[in-house]
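J.: For the sequence shown, counting from 1, position 69 maps to 1100 in the working numbering; every step adds exactly one. This structure is in structure tokens; I'll ask about it shortly.
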Amino acid sequence: MLELNNVETFYGNIMALKGITLKVYEGEIITLIGANGAGKTTTLMSISGIVPPRSGEILFQGKPIHCLSPDEIVALGISQVPEGRRIFPQLSVQENLDMGAFLRRDTAGIRKDLDYVFGLFPILAQRRHQAGGTLSGGEQQMLAISRSLMARPRLLLLDEPSLGLAPMMVKLIFQVIGKINGEGATTIFLVEQNANMAMQVAHRGYVMENGRIALSGTASELLHDEHVKKAYLGI
Ligand code: ATP
């Protein structure tokens, strides 16, 4: 579904991605783990066109997307949930969700997807007319994920959904990620520092170190890898 070939991305003179090559297959949950500053967020930003690569290629369903604008990439079916759950704080829950469906014209489909996200996160239905900024951190993460789902993505890019959340909320968010992938048949690219949780839910994973892919494998291979255990799982 998605292929990155030798992607190099810069911030001015700083080379953040030093030749990333990876693949995401349709229907899977893939996780990208790594320490602070490894380049995980930059990888997502390069895919979604927010920080386009300087060289290399990104193919989505066989077609190059690295030259497209972020809105063209969203229209193809790639939706990103940014780190820090950047919702619109002054807008209500409902209005935030409407923003997610901004590019769509299929009213009946939008209504169906609204029911779907309210089914995933019933608390959002209860808080539908409340301003997004008044929600708890966990509820804001639910809203950020739901807003992206309202674009009906084929590929969902999730940037650190567990960041700053209480353990119970982290558990719930990961359960829902599994559901979105299983029932919703949405392919998921999950960036996480919580390597343990990420690898419980993912099918395959990549480990990123200093702007490069250091290791890849199935989730269970990585969970049993000595380097991963020491560096990322604290075992
Ligand atoms: P974190 O988990 O802390 O978000 P990360 O693995 O997502 O880390 P990135 O945020 O992609 O890492 O950062 C990769 C590198 O690019 C780091 O060296 C970082 O300092 C640098 N970088 C990130 N954003 C910018 C920016 N806007 N301007 C300059 N350098 C940046």
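Note that CB positions come from ideal geometry on N, CA and C, so glycine has one too.
Please determine whether the Cβ atom of Gly1115 lies at a distance below 7 Å from any heavy atom of the ligand ATP.
T.: Here residue 1115 is taken as the residue at index 84 of the sequence shown, counted from 1. Not under cutoff, so the answer is no.
J.: With a 10 Å radius around its C-beta and 16 neighbouring C-beta atoms as the bar for buried, classify Glu1257 as buried or exposed.
T.: Within the sequence shown, the letter at position 226 stands for residue 1257. Its Cβ having fewer than 16 others within 10 Å, Glu1257 is exposed.
J.: Going by DSSP, what residue range makes up the beta strand (DSSP E) through Phe1091?
T.: For the purposes of this step, residue 1091 is taken as residue 60 along the sequence shown, with counting starting at 1. Per DSSP, Phe1091 belongs to the beta strand (DSSP E) from Ser1086 to Phe1091.
J.: Any idea if Asn1067 is buried or exposed, counting beta-carbon neighbours within 10 angstroms, 16 or more meaning buried?
T.: Residue 1067 sits at position 36 when you count from the first residue of the sequence shown. Taking all protein chains in view, the Cβ of Asn1067 is surrounded by fewer than 16 other Cβ atoms within 10 Å, so the residue is classified as exposed.
J.: Helix, strand or coil for Leu1053 per DSSP?
T.: For this step, residue 1053 is matched to residue 22 along the sequence shown. Strand.
J.: Do Leu1063 and Met1228 have their C-beta atoms closer together than 8 Å?
T.: What you label residue 1063 is simply residue 32 of the sequence shown in a count that begins at 1. What you label residue 1228 is simply residue 197 of the sequence shown in a count that begins at 1. Between Leu1063 and Met1228, the C-beta gap is not smaller than 8 Å, which leaves the two residues out of contact.
J.: Leu1099 and Val1124 - do their beta-carbons sit closer together than 8 Å?
T.: Walking along the sequence shown from the start, residue 1124 turns up at place 93. Walking along the sequence shown from the start, residue 1099 turns up at place 68. Against a cut-off of 8 Å, the Cβ pair of Leu1099 and Val1124 comes out as no contact.
J.: Entirely within the region 1156-1230 and at least 4 residues each: give me those alpha helix (DSSP H) ranges in chain order.
T.: 1168-1180 and 1198-1213
J.: With C-beta atoms as the reference, is Arg1178 less than 8 Å away from Ile1118?
T.: For the purposes of this step, residue 1178 is taken as residue 147 along the sequence shown, with counting starting at 1. For the purposes of this step, residue 1118 is taken as residue 87 along the sequence shown, with counting starting at 1. Yes.
J.: Using the three-state DSSP reduction, which class does Met1032 fall into: helix, strand or coil?
T.: Residue 1032 sits at position 1 when you count from the first residue of the sequence shown. Three-state DSSP puts Met1032 in coil, outside helix and strand.
J.: So Ala1106 is in the alpha helix (DSSP H); what residue range does that whole segment cover?
T.: Within the sequence shown, the letter at position 75 stands for residue 1106. First-last of the alpha helix (DSSP H) with Ala1106: Pro1101 to Leu1107.
J.: Nearest CA to the CA of Gln1121: which residue from Glu1191, Val1038, Ile1208 and Leu1166?
T.: Walking along the sequence shown from the start, residue 1121 turns up at place 90. Comparing Cα-Cα distances from Gln1121 to each of Glu1191, Val1038, Ile1208 and Leu1166, the minimum goes to Leu1166.
J.: Apart from the five residues on each side of it in sequence, which residues of its chain come closer than 6 Å, Cβ to Cβ, to Gly1242?
T.: Against the sequence shown, residue 1242 aligns to sequence position 211. Closer than 6 Å at the Cβ level, and outside the excluded window around Gly1242, lie Ala1047, Leu1048, Lys1049 and Gly1070.
J.: DSSP has Gly1242 in a bridge; who is on the other side?
T.: Position 211 of the sequence shown, counted from the first residue, corresponds to residue 1242. Per DSSP, none; premise fails for Gly1242.
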